[in-house]
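At position 194 of the sequence shown the residue is numbered 573 (our numbering), and the sequence of numbers has no breaks.
All remarks here apply to the structure that follows.
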Amino acid sequence: MSGTGRVRVAVVFGGRSAEHAISCVSAGSVIAALDPERYEVVPVGIARDGRWVLPDPAQRLAITDGQLPEVTGGTAVSLVGDPAGRGLAVLEPARGIGAALTEVDVVFPVLHGAYGEDGTIQGLLEMSGLPYVGSGVFASAASMDKEFTKKLLASAGLPQGDHVVLRDAGGALWAHPDALSADDRERLGLPVFVKPSRAGSSIGITRVTDWAQFPEAVATAAAVDGKVVVEASVPGREVECGVLAGRDGGAPEASLPAEIRLKPGTDWYDFDAKYLEDAVEFDVPADLTPEQTRAVQEASCRAYLAMDCEGLARVDFFLGTGPDGEDRLVVNEVNTMPGFTPISMFPRMWAASGVPYPELVDRLVASALARAGRPAPR
Numbered sequence: 380m381s382g383t384g385r386v387r388v389a390v391v392f393g394g395r396s397a398e399h400a401i402s403c404v405s406a407g408s409v410i411a412a413l414d415p416e417r418y419e420v421v422p423v424g425i426a427r428d429g430r431w432v433l434p435d436p437a438q439r440l441a442i443t444d445g446q447l448p449e450v451t452g453g454t455a456v457s458l459v460g461d462p463a464g465r466g467l468a469v470l471e472p473a474r475g476i477g478a479a480l481t482e483v484d485v486v487f488p489v490l491h492g493a494y495g496e497d498g499t500i501q502g503l504l505e506m507s508g509l510p511y512v513g514s515g516v517f518a519s520a521a522s523m524d525k526e527f528t529k530k531l532l533a534s535a536g537l538p539q540g541d542h543v544v545l546r547d548a549g550g551a552l553w554a555h556p557d558a559l560s561a562d563d564r565e566r567l568g569l570p571v572f573v574k575p576s577r578a579g580s581s582i583g584i585t586r587v588t589d590w591a592q593f594p595e596a597v598a599t600a601a602a603v604d605g606k607v608v609v610e611a612s613v614p615g616r617e618v619e620c621g622v623l624a625g626r627d628g629g630a631p632e633a634s635l636p637a638e639i640r641l642k643p644g645t646d647w648y649d650f651d652a653k654y655l656e657d658a659v660e661f662d663v664p665a666d667l668t669p670e671q672t673r674a675v676q677e678a679s680c681r682a683y684l685a686m687d688c689e690g691l692a693r694v695d696f697f698l699g700t701g702p703d704g705e706d707r708l709v710v711n712e713v714n715t716m717p718g719f720t721p722i723s724m725f726p727r728m729w730a731a732s733g734v735p736y737p738e739l740v741d742r743l744v745a746s747a748l749a750r751a752g753r754p755a756p757r
């Protein structure tokens with residue numbers, strides 16, 4: 380802990396992925412929720428080119444007038460690879476910044492997408508001997524990759540939507556309109572969703588309603604990730620559920636579910652609908668029967684365990700009707716570092732479940748410290 384007796388938390392945000400801006404917004408909310416009497420927060424921004432900085436005090440961490448925030452300047456720092464260093468080394472001397480910042484008790488990586496929730500920074504933190512919030516290397520990498528998420532969840536008996544994986548989608552082969560066989564097209568039907576396999580926040584995703592749109596959709600997805608997933612549309616309500624690590628090493632706990640409802644004129648829950656437009660409505664909690672709520676919560680905890688998650692996760696579902704009129708629950712994805720913006724579903728679901736935002740971040744920090752065998756803040 381710092382000389383003040385507070386836990387020093389490095390909140391890391393920004394990053395090299397297409398979700399840079401949303402990471403900044405999430406970080407602003409997390410920083411605001413950390414009680415300054417218990418925590419000493421060290422904001423650490425990662426610029427789009429990969430530079431680590433202590434951001435300028437004027438760094439904006441919110442969407443303002445439709446303008447997305449971005450990490451730009453600041454004092455250069457680097458993560459110390461030697462576990463004895465316990466944190467950050469300042470690379471540029473500056474007034475008021477000294478050796479005290481080199482020691483960090485826990486890292487809160489509020490990073491979305493590649494180089495953030497895909498196991499890369501988790502491996503770096505493991506090598507540096509620093510406790511951190513969220514899942515480890517394997518769970519982060521597997522959950523980030525839609526192909527392997529589907530494989531692991533299917534092996535645990537959790538239903539998946541029909542899909543096809545295109546490898547090396549940036550190559551000329553997939554630019555051809557016949558890249559999918561006639562059998563694939565017949566099986567998937569229309570519409571389909573063409574997605575980067577390793578990305579989030581609906582970035583690079585296209586809803587294809589005519590196969591003539593397919594080559595351009597693949598190119599859009601491949602610009603984000605060379606592996607592309609083509610998913611059949613799954614009819615049903617869009618339902619999400621939050622999962623937290625159990626207290627004192629107990630079983631994971633699920634929040635009350637929430638539902639996303641698109642307003643008329645909105646075809647699907649894309650990036651603009653999520654963050655920039657008033658295009659959706661949220662029911663928190665979702666209007667589900669007690670049986671449906673239990674089914675979603677149980678499936679969420681099963682998915683969390685199947686992916687070997689730690690700390691937290693958000694599990695997204697489609698809730699539809701089966702051929703015999705029964706409820707049909709299909710897992711869409713597992714997110715190991717869900718959004719923490721003011722409108723994000725994960726904190727809102729937990730608030731509806733009796734865990735307000737400040738208590739939520741407390742639990743996440745405490746869980747990270749407990750995994751490392753270190754005491755939680757009092």
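Using N, Cα and C, we set each Cβ at its ideal position, and we do this for glycine too.
- The beta-carbon separation of P737 and A412, rounded to 5 Å, stays under the 8 Å limit for a contact.
- Going by C-alpha positions, L739 is about 7 Å away from W729.
- Contact between F392 and S408 does not hold, since the beta-carbon distance rounds to 10 Å and is not under 8 Å.
- In this structure, C688 sits away from A633, with a CB-CB distance that is not shorter than 8 Å.
- V573 sits close to V597, with the two beta carbons spaced by under 8 Å.
- In the DSSP assignment, no residue is bridged to S732.
- With respect to S402, L531 sits apart: the two C-beta atoms are not nearer than 8 Å.
- In terms of CA proximity to S576, E610 leads the group E565, E610, D563.
- In the three-state reduction of the DSSP assignment, T383 falls in the coil class.
- Under the rule that a run must span 4 or more residues, the alpha helix (DSSP H) segments found entirely inside the stretch 500-564 read 516-523, 525-534.
- Collapsing the DSSP output to three states places L691 in a strand.
- Taking each of L691, G540, R707 in turn and checking the Cα distance to Q671, the smallest one comes out for R707.
- For D695, the closest alpha carbon among the candidates P631, H399, K606, T528 is that of T528.
- Per DSSP, P575 is one residue of the beta strand (DSSP E) stretching across 571-575.
- For P669, the enclosing alpha helix (DSSP H) covers residues 669-685.
- Per DSSP, I639 is one residue of the beta strand (DSSP E) stretching across 637-641.
- Burial state of D547 is exposed, judged by a 10 Å Cβ sphere holding fewer than 16 other Cβ atoms.
- Counting along the chain, the unbroken beta strand (DSSP E) around F661 starts and ends at 659-662.
- Boundaries cannot be given for T451, as no beta strand (DSSP E) includes it and DSSP labels it neither H nor E.
- The alpha carbon of E619 has as its nearest neighbour, out of Y511, M724, D461, P488, the alpha carbon of M724.
- The three-state reading of DSSP puts T588 in coil, since its state is none of H, G, I, E or B.
- A direct Cα-Cα distance of roughly 25 Å separates E705 from L684.
- In the three-state scheme derived from DSSP, where H, G and I count as helix and E and B as strand, L413 is classed as coil.
- When only Cα atoms are considered, E565 and A601 end up about 23 Å apart.
- Judged by DSSP in its simplified three-state form, F593 adopts helix.
- Per the C-alpha coordinates, the member of A665, R626, A520 positioned closest to R727 is A665.
- Here the C-alpha atom of F697 lies approximately 23 Å from the C-alpha atom of A520.
- The criterion of a C-beta distance shorter than 8 Å is satisfied by G453 and L433.
- The beta-carbon distance between P510 and R742, rounded to whole angstroms, is 14 Å. This is too long to meet the 8 Å contact definition.
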